[in-house]
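Right, one structure below, let's go through it.
Protein chains: 2
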Amino acid sequence: MSSVTIKDIARALNISVSTVSRALRDSYDINAGTKKRVVEYAEKMNYRPNPIALSLKENKSRSIGVIVPEIANTFFSQAINGIEEIACERGYPVVIFQSHELLEREIANIRHLFERRVDGLLISLSGSHKDISHLEEYRRNNFPIVYFDRVPETAEAHKVVADNFEGAFKATEHLIIRGKKRIAHITSPPTLSITQERMAGYKSALQKHGLPVREELIRYCGFRPEEAAEAICSLLETERPDAFFMGSDRLALDCFEAYKKQAQGRPEDITLVGFTNLSVAHLLEPPLSTVVQPAISIGRKAAEILLDEIENKRRGKGFETVVLGTELNIRP
Amino acid sequence: MSSVTIKDIARALNISVSTVSRALRDSYDINAGTKKRVVEYAEKMNYRPNPIALSLKENKSRSIGVIVPEIANTFFSQAINGIEEIACERGYPVVIFQSHELLEREIANIRHLFERRVDGLLISLSGSHKDISHLEEYRRNNFPIVYFDRVPETAEAHKVVADNFEGAFKATEHLIIRGKKRIAHITSPPTLSITQERMAGYKSALQKHGLPVREELIRYCGFRPEEAAEAICSLLETERPDAFFMGSDRLALDCFEAYKKQAQGRPEDITLVGFTNLSVAHLLEPPLSTVVQPAISIGRKAAEILLDEIENKRRGKGFETVVLGTELNIRP
DNA sequence: GGCGGGTCCGGTAACGTTTGCATAAAATTT
DNA sequence: AAATTTTATGCAAACGTTACCGGACCCGCC
Chain A
675 MSSVTIKDIA RALNISVSTV SRALRDSYDI NAGTKKRVVE YAEKMNYRPN PIALSLKENK
735 SRSIGVIVPE IANTFFSQAI NGIEEIACER GYPVVIFQSH ELLEREIANI RHLFERRVDG
795 LLISLSGSHK DISHLEEYRR NNFPIVYFDR VPETAEAHKV VADNFEGAFK ATEHLIIRGK
855 KRIAHITSPP TLSITQERMA GYKSALQKHG LPVREELIRY CGFRPEEAAE AICSLLETER
915 PDAFFMGSDR LALDCFEAYK KQAQGRPEDI TLVGFTNLSV AHLLEPPLST VVQPAISIGR
975 KAAEILLDEI ENKRRGKGFE TVVLGTELNI RP
Chain B
675 MSSVTIKDIA RALNISVSTV SRALRDSYDI NAGTKKRVVE YAEKMNYRPN PIALSLKENK
735 SRSIGVIVPE IANTFFSQAI NGIEEIACER GYPVVIFQSH ELLEREIANI RHLFERRVDG
795 LLISLSGSHK DISHLEEYRR NNFPIVYFDR VPETAEAHKV VADNFEGAFK ATEHLIIRGK
855 KRIAHITSPP TLSITQERMA GYKSALQKHG LPVREELIRY CGFRPEEAAE AICSLLETER
915 PDAFFMGSDR LALDCFEAYK KQAQGRPEDI TLVGFTNLSV AHLLEPPLST VVQPAISIGR
975 KAAEILLDEI ENKRRGKGFE TVVLGTELNI RP
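Protein sequences, first through last, are from chains A and B.
Using this note's numbering, the first residue of the first sequence is number 675, and each one after it goes up by one.
Using this note's numbering, the first residue of the second sequence is number 675, and each one after it goes up by one.
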């Protein structure tokens, strides 16, 4: 059965539309008998209020939007699961979009979500740009936004992130303690917040242990898979690193693959560590140690802040930045 | 700037709402000068028609919905990318939901999408049930639905699937040719279409090569990760298979992991093949051969059928079932 | 000069819902 | 019995948009 409306009920029961509406909502000023008749008939006919009509009237939709660069990335799909967990619990469906690391897609997605009046937005920024003017505009109109993982620089925003500095620091220090001296760092575009923080952690660990920071050992890679391969290749040929620290989820895999191909037959003892939530890291060969982000918690926390913001439960509290710890998994 | 409406334009230009509407839509019965004024002003004010009002009026939303069990599954995220590719091209945003293999979530998702008037639905069924009565109801109301991958039995539906029989047949035959005699098959719940078809391919290959079909070598697993481990464990202890053929994407990984743990120290030469789109199969140790589904093509094709259906471009054509070939990747 | 036709525009209803206001009937008070 | 309050209901507007219908105005034609 498609949609039975409040009008149909009114007609069937020979009462007015407004009476039906009130019977279904308040009990304000409504006869108990009438109310019962309406509620029972509505139940019987399987009446559902039309959310589109509601949205038009109230200018909101009781749903939230999520934009991530790629769902085919373990970190993001885990974060989405955390978001959904909280949102469903609190009665908000979650609408998922992908930006595919493209600014234009990000803009289109946001506009689409906003025009359809989602009550708020959770977003991890696309890596292809640094500009967030397209988001500033919404913020000025009090559209609730919470950033997670890849966040903007501005202080005027809610952010939920992993402790990228600490994660990178731990990973690098681990390599140093293992005796590594020429630790290469392959990382995402320098525009991203995560890139900068992880870079800082990497450098800080080197400095703490008296190792030089050598720019030749650092490579920034964009989103073409070949870039990782090229970086690995050129590093192996020119710098002969004894360890690789890969700074992002996707890069960890691309680099791992390139390394495995390149390193065939080389006897050198090279250790790999990736900043990644890849679920199969422990099954790879050679073993891939990882810095794991609390993706689900990040998603949960971001959703909580957003929903509190939407439901006005944060009165007075200003913008918040939540930093969650990472975990270093050493393999083997 | 938030939303400027057609009313605002009418007021500013001192003309009526209906004139503005016509100027923006048709050119029917509208003065060229007026039209120009309106269009220019609308442009300047960055006017966007309110899609919610449109949806209410036209009872559709110019968007489509997708429901998959889990986005954190390479096959599904690839399929979604195929869907998005076609849908975006044709101007339809894609709303993604996850059922998490739960019937209740599937029902809630469908209802939500339907109530929000998506123009059609692409769905891969949750594995926890065989019942599709909750979908039948929509079909009777001419709500366009295209099933992909996990499809219902009914003939009255559009379906896009991989050639599961052929894929399983090829995988099994490959193992047989390699000299394997006790090939275990670990697969998803028997309710699923994919399970049945892959099972048939497995058995058919055995029969073709004169090997017995031994039910003791077959294990059905649900969606708890432990189930795969238990199956592997008990098989290794009692049946001593010389090969494992894993029948689903998720199981391939769970089994691989369990096998790796169990097989430690065992010298036996056991070969693994998985029906999976796992992107890291070639990086695992031991190597995991795979039957790969054309996930992106499946998504594309499903989206094409759905959009053609929505846009009435299939006049006369009845229900369609598209079967796409699989690829066997042998490693090493 | 009346009339048919064309051009251009405005009013209005409709989509489904909520809500403030008016109003009728009933119940209570005086 | 009249006045007042309470109770229960209906009407209408509003959200943003489109589409049907009707009307004003101008043109040319017999």
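Just so you know, even glycine gets a beta-carbon here, dropped at the ideal spot from N, CA and C.
- Taking 8 Å as the CB threshold, Q752 of chain B lines the interface with chain A.
- Going by C-alpha positions, E913 of chain A is about 16 Å away from L946 of chain A.
- Note that the C-beta distance between I738 of chain A and A761 of chain A is below 8 Å.
- Here the alpha carbon of I868 of chain B sits roughly 6 Å from the alpha carbon of R824 of chain B.
- A direct Cα-Cα distance of roughly 6 Å separates S971 of chain A from G756 of chain A.
- Per the C-alpha coordinates, the member of A:K877, A:P818 and A:V996 positioned closest to N986 of chain A is A:P818.
- Three or more beta-carbon pairs drawn from the region 717-734 of chain B and the region 721-741 of chain A are found closer than 8 Å, and the two stretches are therefore classed as touching.
- Residue range E1001 to N1003 is occupied by the beta strand (DSSP E) that includes L1002 of chain A.
- Taking CB atoms only, H786 of chain A has a neighbour in chain B less than 8 Å away.
- For Y766 of chain B, same chain residues with a beta-carbon under 7 Å away, outside a window of 5 residues either side, are R736, S737, I738 and L981 in chain order.
- Between I784 of chain B and Y821 of chain B, the CB-CB gap reaches or exceeds 8 Å.
- For K833 of chain B, the uninterrupted beta strand (DSSP E) run begins and ends at H832 to A836, by DSSP.
- Inter-residue distance for K934 of chain B and R791 of chain B is about 48 Å (C-alpha atoms, whole angstroms).
- Proximity of R872 of chain B to chain A, defined by a Cβ-Cβ separation below 8 Å, is not satisfied.
- Within chain B, no C-beta atom comes nearer than 7 Å to that of Q967 of chain A; the closest sits roughly 15 Å away.
- Shown here, T945 of chain B sits in a strand according to DSSP, grouped into three states.
- V740 of chain A is positioned such that its CB atom lies no closer than 8 Å to that of V996 of chain A.
- DSSP places Y894 of chain A in the uninterrupted beta strand (DSSP E) bounded by I892 to Y894.
- Residues of the region 707-726 of chain B with a C-beta less than 8 Å from any C-beta of chain A: R722, N724, P725 and I726, listed in chain order.
- For the beta strand (DSSP E) assignment, the uninterrupted runs of no fewer than 3 residues enclosed by the region 847-905 of chain A are, from N- to C-terminal side, 857-861 and 892-894.
- T693 of chain B carries a helical assignment under DSSP once its states are collapsed to helix, strand and coil.
- Among the bridge pairs identified by DSSP, F771 of chain B is matched with B:I741.
- What R790 of chain A touches in chain B, judged by beta-carbon distance under 7 Å, is P725 and I726, going in chain order.
- Per DSSP, reduced to three states, the secondary structure at G794 of chain B is strand.
- Nearest Cα to L952 of chain B within the set B:S807, B:E942, B:M920 and B:R699: B:M920.
- Listed along chain A are A746, each with a C-beta nearer than 9 Å to that of T748 of chain B.
- The beta carbon of P767 of chain A sits closer than 8 Å to some beta carbon of chain B.
- Here DSSP, grouped into helix, strand and coil, assigns I781 of chain A to helix.
- Collapsing the DSSP output to three states places Y721 of chain A in coil.
- Contact residues of the region 926-954 of chain B toward chain A are L927, F930, E931, K934, L952, S953 and V954 (C-beta to C-beta distance below 9 Å).
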